[in-house]
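Engineer:
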Amino acid sequence: MSEKKLLLGDEALALGALHAGLSGVYAYPGTPSTEITEYIQSHPLTKERGIHSQWCANEKTAMEAALGVSYAGKRALVCMKHVGMNVCADPFVNSAVTGANGGLVVAACDDPSQHSSQNEQDSRFYADFAMMPCFEPSSQQEAYEMAGEAFDYSEKNHIPVLMRLTTRMAHSRALVTEGPVRAENPMRFPPKDIERFWVTLPGISKAKVKQLAEDQAKFREDSEMSPRNNLTDGPDHSLGIVTCGIAYNYLMENFPDGCPYPVLKVTRYPFPISLLREMAVTCKTVLVIEEGQPLVEEKLRGLLYDDAEGNGLIKVKGRLDGTLPRTGELNPDLVRAALGLGTAEVYQVAKTTVPRPPALCQGCGHRDFYTALNNVLRKYEGSRVFGDIGCYTLGYMPPFHAIHSCVEMGASLTMAIGAANSGVWPSVGVIGDSTFTHSGMTGLLDAVNFGADITLCISDNLTTGMTGGQDSAGTGKLEAICEALGVDPSHIRTIIPLPKNYPEMERVIEEEINHHGVSVVICRRECIQTAKRHAVLKNKS
Amino acid sequence: MKKDIILSGVGGQGILSIATVIGRAALREDLSLKQAEVHGMSQRGGDVQSHLRLSTGDIFSDLIPKGECDLILSLEPMEALRYLPWLSKDGWIVTSSNPFVNIPDYPPIEEVMADLQSVPNVMTIDCDAVARSAAAPRGANMVLLGAAAGVLGILGPDELREGISEVFARKGEAVVTSNIAAFDAGLMEFKTLRK
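Residue numbers (the numbering used here), protein chains in the order written: chain A, 291 to 831; chain B, 16 to 210.
(1) Under 8 Å between beta-carbons, which chain B residues line up against Glu445 of chain A? List them in chain order, please.
(2) What residues from the region 87-115 of chain B come within 7 Å of chain A, judged by C-beta to C-beta, listed N to C?
(3) In this structure, how does DSSP classify Tyr416 of chain A when only helix, strand and coil are distinguished?
(4) How would you write the range of the alpha helix (DSSP H) that Val190 of chain B sits in, first residue to last?
(5) Answer yes or no: does any C-beta atom of chain A fall closer than 7 Å to that of Gly38 of chain B?
(6) I'd like to know if Arg797 of chain A contacts chain B, where contact means its C-beta is closer than 7 Å to some C-beta of that chain.
(7) Can you name, in chain order, every residue of its own chain whose Cβ lies under 6 Å from the Cβ of Ser406 of chain A, other than the five neighbours on each side?
(8) Let's test the definition: count the other Cβ atoms within 10 Å of the Cβ of Thr207 of chain B and tell me whether it reaches 16, buried, or not, exposed.
(9) Measure how close the beta-carbons of Arg674 of chain A and Ala640 of chain A come, nearest whole angstrom, since I'm counting them as under 8 Å.
(10) List, in chain order, every chain A residue whose beta-carbon is nearer than 7 Å to that of Val219 of chain B.
(11) Please list the partners that Asp623 of chain A has in chain B, where partner means a Cβ-to-Cβ separation under 7 Å.
(12) Just how far apart, CA to CA, sit Ser133 of chain B and Trp107 of chain B?
(13) Is the shortest distance between the beta-carbon of Ser403 of chain A and the beta-carbons of chain B less than 7 Å?
(14) Should Asp412 of chain A be labelled buried (16 or more other beta-carbon atoms within 10 Å of its own) or exposed?
(15) Using the beta-carbon count (16 or more within 10 Å), is Asn804 of chain A buried or exposed?
(16) Just tell me which of A:Asp401, A:Gln431, A:Leu452, A:Leu502 has its CA closest to the CA of Thr467 of chain A.
(17) Under a three-way DSSP split, which group does Trp345 of chain A fall into?
(18) Across which residues does DSSP place Met453 of chain A in a beta bridge pair?
(19) When the Cα atoms are used, what is the spatial distance from Thr683 of chain A to Arg657 of chain A?
(20) By DSSP, does Met291 of chain A sit in helix, in strand, or in coil?
(21) Taking the C-alpha atoms as reference points, what is the distance between Ala662 of chain A and Gly653 of chain A?
(22) If you measure beta-carbon to beta-carbon, which residues of the region 447-477 of chain A are closer than 7 Å to chain B?
(23) Secondary structure at Ile108 of chain B, three-state DSSP: helix, strand or coil?
(24) Strictly by DSSP, which residues pair up with Tyr98 of chain B?
(25) Just list the alpha helix (DSSP H) runs in the region 602-657 of chain A, keeping only unbroken ones of 4 residues or longer that don't cross its boundaries, in chain order.
(26) Can you check whether the C-beta of Lys49 of chain B is within less than 7 Å of a C-beta belonging to chain A?
(27) Out of curiosity, what's the CA-to-CA distance linking Leu367 of chain A and Arg414 of chain A?
(28) Can you check which of these residues, A:Leu788, A:Met569, A:Gly618, is closest to Lys605 of chain A by C-alpha distance?
(29) From Leu48 of chain B to Ala634 of chain A, what distance separates their C-alpha atoms?
(30) Taking DSSP's pairing of strands, which residues face Asp62 of chain B in a bridge?
(31) So, does the CB of Gly187 of chain B fall closer than 7 Å to a CB anywhere in chain A?
(32) Considering only residues of the same chain and omitting the five flanking positions on each side of Tyr416 of chain A, which have a CB-CB separation below 6 Å?
(33) How do the region 37-45 of chain B and the region 498-516 of chain A stand: do at least 3 beta-carbon pairs fall below 8 Å, yes or no?
(34) Under 8 Å Cβ-Cβ, which residues of chain A neighbour Gly55 of chain B?
(35) Starting from the C-beta of Thr757 of chain A, find all residues in its chain whose C-beta is less than 7 Å away, skip the five residues before and the five after it, and write them out in chain order.
(36) Check for me: the beta strand (DSSP E) holding Cys843 of chain A runs from which residue to which?
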């Protein structure tokens with residue numbers, strides 16, 4: 291009998307990839323995707339087979355390395371959170387042009403309702419406009435099985451496949467039944483007849499882009515024939531329902547004895563048009579339930595044939611007409627309301643309940659850094675601090691109120707450059723060690739070349755903290771990196787963030803602010819969470 | 016038979032180890048299970064919850080619909096109140112009475128307790144004190160689980176003890192024993208208070 295395991299959606303996908311003969315996972319940590327790579331790192335098969343699983347500097351380097359694995363005929367997985375797709379958009383979109391040799395699967399974990407993110411962008415749009423197939427499992431078992439199917443499909447059709455999960459699938463556990471374990475691919479170069487497509491000179495890639503457009507019909511047909519997309523009939527044809535991914539579960543939760551309406555369950559794209567048309571022969575109203583942005587709904591709705599009320603020949607309901615909320619994560623209650631099933635009478639939230647936002651840990655080095663920085667900047671009225679992505683973004687919260695911006699990975703020092711160019715002084719950037727090596731180094735080179743009057747503070751906790759303490763690419767190398775990028779060594783200063791060091795910390799920060807050029811202040815103390823874990827390990831050994 | 020549970024508390028308190036034990040016990044008993052967790056930013060001292068659904072049949076949604084939760088199991092009293100809209104009218108709240116104050120505007124604890132007492136089926140337990148008396152000072156979460164065993168129904172105390180043994184096995188016999196002691200003390204406390 292095959293073994294059953296209790297796995298997160300992330301872990302199910304990871305195990306599916308391992309069992310599909312994975313040769314390498316390439317990723318940068320990001321909630322809710324981190325556990326995919328962590329599961330592979332800790333799995334015995336990884337050690338046994340020597341599968342690559344070390345963290346990458348960012349999502350772009352990850353995607354490109356995986357493309358190299360695919361070129362060499364082996365199977366690679368790339369993992370990231372949704373905004374990581376923006377970082378690797380260039381190699382991602384062009385990987386549809388080069389095509390895949392060994393199976394290449396990109397796992398993007400979206401975060402509707404922004405539990406841990408700055409937006410709720412929907413990664414299915416990336417697959418759509420890159421003309422790449424997209425798989426969106428509705429259960430942990432499907433995440434396991436479809437990971438293997440994605441590798442097979444990618445390899446057979448020479449096209450990377452995007453696997454899209456959302457927070458609720460990524461971070462929810464259920465039982466998963468394991469299947470057979472496949473061997474890794476041997477190394478094998480791309481077949482002679484399509485080898486040239488790996489060189490995207492316009493003269494070559496024009497033909498490939500045309501080919502890719504033509505391939506869409508086949509991809510769609512495969513999607514329509516796949517058992518992963520299916521249309522089930524129901525007795526009441528006053529409504530037809532399309533569900534994408536886990537939205538199916540929220541629908542069925544409301545109909546434990548079976549849905550009375552026809553349901554088109556979609557977990558694979560391109561969208562299965564023929565199945566929709568079959569449903570629309572009798573259902574003149576279609577409700578689209580999809581997690582994330584209204585990608586499918588917009589396509590169904592079209593624009594040309596709407597009447598004055600915005601109704602097409604077939605009425606399409608969903609997030610755009612207010613049947614479901616325009617933004618935010620779905621749940622069984624929202625779907626219940628959309629189905630017109632009425633709402634149950636429930637307890638109200640007690641009046642004594644107040645919000646409890648996350649905060650920097652007690653004893654965290656970022657706290658001491660912000661205290662010292664605030665003490666200095668209090669004296670400089672026009673100062674601005676450009677923050678970045680990580681635990682230290684919480685420095686915006688009371689009692690610190692220490693940063694004025696946070697946009698995306700790396701924008702701290704580059705925004706500081708622009709602000710300094712516009713007359714802001716002191717213009718300070720605050721970035722973490724892992725974010726600096728992810729997306730800050732090129733910006734620092736700009737700062738050096740411009741001779742920008744900025745002070746960059748790297749709050750180095752020797753780890754990728756917010757996602758739970760993964761290895762950081764720059765550990766032990768930060769001073770050398772800054773010097774190599776051209777920062778004057780006398781303006782690369784290192785301080786240890788502890789209350790007893792406040793006088794020295796403040797002196798160093800103030801001196802560097804008053805240096806009218808590029809300064810880097812590295813503020814270094816280990817994350818207290820990883821320090822605790824290291825202490826436990828040390829006691830054991 | 017199904018049982019829908021919301022586990023709540025503050026990031027870092029250890030609600031996920033309660034979920035892991037229940038999950039392991041459910042797996043042994045061949046129950047279906049879905050467990051939605053919170054990872055990421057909220058774990059830094061923010062409010063955290065986990066929806067845990069157990070059933071002898073199929074489970075669709077990873078999230079519990081409002082008004083259908085059978086048991087709110089909370090390591091912090093105000094956090095138990097946050098999920099009241101999910102509690103069914105005859106559902107139970109089993110919560111630690113020990114406030115975790117890491118925000119400036121934490122309400123007076125008497126008001127929190129009064130709000131809790133307005134729910135028909137509620138049990139508040141001084142988990143920290145019970146854990147200390149069981150010589151398991153770090154076992155407040157297992158005390159709470161022990162108390163919950165009094166109302167859980169779908170899994171009995173023996174299955175949960177097996178779950179504890181499995182989950183903590185790799186940390187050594189002493190850790191298993193101390194967690195089971197905390198669990199038993201919690202169960203005993205529930206029975207005493209119920210009288």
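Here a beta-carbon is modelled for each residue, glycine too, at the ideal position from N, C-alpha and C. Since this is a predicted model, take the numbers as computed values, not measurements.
Structural biologist: Walking through what the data contain:
(1) Within 8 Å of the CB of Glu445 of chain A, no CB atom of chain B is found; the nearest one sits about 31 Å away.
(2) Those residues of the region 87-115 of chain B that come within reach of chain A (Cβ to Cβ, closer than 7 Å) are Met93, Leu96, Arg97, Leu99, Pro100, Leu102.
(3) Three-state result, Tyr416 of chain A: helix.
(4) Boundaries of the alpha helix (DSSP H) around Val190 of chain B: 188-209.
(5) Output row for Gly38 of chain B: interface = yes.
(6) Taking Cβ atoms only, chain B never reaches closer than 7 Å to Arg797 of chain A, which makes this a no.
(7) The answer, listed in chain order, is Thr321.
(8) Under this definition Thr207 of chain B is an exposed residue.
(9) Separation of the CB atoms of Arg674 of chain A and Ala640 of chain A is rounded to 41 Å, and the pair is thereby denied contact status at 8 Å.
(10) No answer is possible for residue 219 of chain B: the residues shown for chain B start at 16 and end at 210.
(11) Close partners of Asp623 of chain A in chain B (Cβ separation under 7 Å): Pro80, Lys81.
(12) Approximately 12 Å, taken between the alpha carbons.
(13) No, Ser403 of chain A does not count as interfacial toward chain B.
(14) Under this definition Asp412 of chain A is a buried residue.
(15) With fewer than 16 Cβ atoms within 10 Å of its Cβ, Asn804 of chain A is classed as exposed.
(16) Nearest of A:Asp401, A:Gln431, A:Leu452, A:Leu502 to Thr467 of chain A, Cα basis: A:Gln431.
(17) In this structure, DSSP gives Trp345 of chain A a state outside helix and strand, which the three-state scheme calls coil.
(18) BP columns for Met453 of chain A point to A:Ala397, A:Phe425.
(19) Thr683 of chain A and Arg657 of chain A: Cα-Cα distance of roughly 11 Å.
(20) With a pLDDT of only 46 at Met291 of chain A, under the threshold of 50, the placement of this residue in the model should not be trusted, and no figure is reported.
(21) Computed Cα separation, rounded: 14 Å.
(22) In summary, the residues of the region 447-477 of chain A whose CB is separated from some CB of chain B by less than 7 Å are Arg458, His461, Ser462, Arg463, Ala464, Leu465, in the order they occur in the chain.
(23) Of the three classes helix, strand and coil, the one that applies to Ile108 of chain B here is strand, per DSSP.
(24) Note: Tyr98 of chain B sits in no beta bridge, so no partner.
(25) Within the region 602-657 of chain A, the alpha helix (DSSP H) runs of at least 4 residues that lie entirely inside it are, in chain order, 622-628.
(26) Proximity of Lys49 of chain B to chain A, defined by a Cβ-Cβ separation below 7 Å, is satisfied.
(27) Leu367 of chain A and Arg414 of chain A: Cα-Cα distance of roughly 17 Å.
(28) Out of A:Leu788, A:Met569, A:Gly618, A:Met569 has the C-alpha closest to the C-alpha of Lys605 of chain A.
(29) Computed Cα separation, rounded: 24 Å.
(30) Beta-bridge pairing links Asp62 of chain B to B:Val25.
(31) Not one chain A Cβ lies under 7 Å of Gly187 of chain B.
(32) So the list reads Met375, once near-sequence residues are dropped.
(33) Touching, no, given that fewer than three Cβ pairs across the two stretches are closer than 8 Å.
(34) Within chain A, the C-beta atoms nearer than 8 Å to that of Gly55 of chain B come from Thr321, Pro322, His405, Ser406, Met756, Thr757, in chain order.
(35) The answer, listed in chain order, is Pro319, Gly320, Thr321, Thr324.
(36) What the structure shows of chain A is the stretch from 291 to 831, and residue 843 of chain A is not part of that stretch, so it cannot be assessed.
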